[in-house]
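For reference, the structure is listed below as structure tokens.
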Amino acid sequence: VADTALLSHIQNEYKNSPMQNRMMNYAIKEVTAKIARLVLPLLGGVIGMSFLYSGFHDSFVFYTFLIMVGGYIGETLFIPYERFLEVERNYFLLFLSYIPYLIVMILLILMLRISSIGLFHILLIVHSVRLVSYILIRFFVYRIYAM
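Just so we're on the same page, the working numbering is the position in the sequence shown counted from 1, plus 64.
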């Protein structure tokens, strides 16, 4: 919510100004840097735990946890770019970015193979496709808005 409010405030304050693009770029970099400073130490802790518990007898649970944490941390780093598209009201690009996720989820549901694929692989597929969607969002913001 705070990053959306910040970007909305910048858009309203600098509307049709030559400073708008530069201020938006600066705000996105600052928000991303703050998120990285909060999230990356957590990722380091999770990776450290993976070395510590690598000999743990129930590795399935631990590696499932790692996939979920890694996926959510990766998504968190790309959230400011999604918020930027929301503030710019460019919902078409958001929709285009989420098409791979929609296709994969529809295929998984229609194929009725979720139980045969298994929890570990389903989580890997879902988090990978979500990460692809966020990378597409980042690509669109870079390509269209030069940020």
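Cβ atoms here follow ideal geometry from the backbone N, Cα and C, with glycine treated the same way.
Bear in mind the structure is a predicted one, so any value in this text is a computation, not a measurement.
Relative to the C-alpha of residue i, which candidate in the options has its C-alpha closest?
i	options	result
I189	S72, I170, I201 and R202	I170
R153	I131, Y136, V205 and I163	V205
V168	S72, K93, I137 and R194	R194
L187	Y162, M88, Y136 and S81	Y136
I217	L141, S114, I173 and A91	Residue coverage of the chain in this structure runs from 65 to 211, which leaves residue 217 outside it and unanswerable.
G182	Y155, F148 and V125	V125
L158	I173, V196 and H185	V196
A210	N85, L70 and Q75	N85
V103	I143, I163 and Y165	I143
F129	Y145, E146, L141 and I111	I111
Can you tell me where the alpha helix (DSSP H) holding residue i begins and where it ends?
i	result
E77	A66 to E77
Using three-state DSSP, classify residue i as helix, strand or coil.
i	result
G182	coil
L174	helix
S197	helix
A97	helix
S81	coil
M169	helix
M211	coil
N224	It is not possible to answer for residue 224, since the shown part of the chain is limited to 65 through 211.
Please classify residue i as buried or exposed, where buried requires at least 16 neighbouring CB atoms within 10 angstroms.
i	result
F203	exposed
L106	exposed
A66	exposed
A69	exposed
M88	buried
To test your reading of the DSSP string, which unbroken alpha helix (DSSP H) runs of 4 or more residues are found completely within the region 112 to 152? 123 to 151
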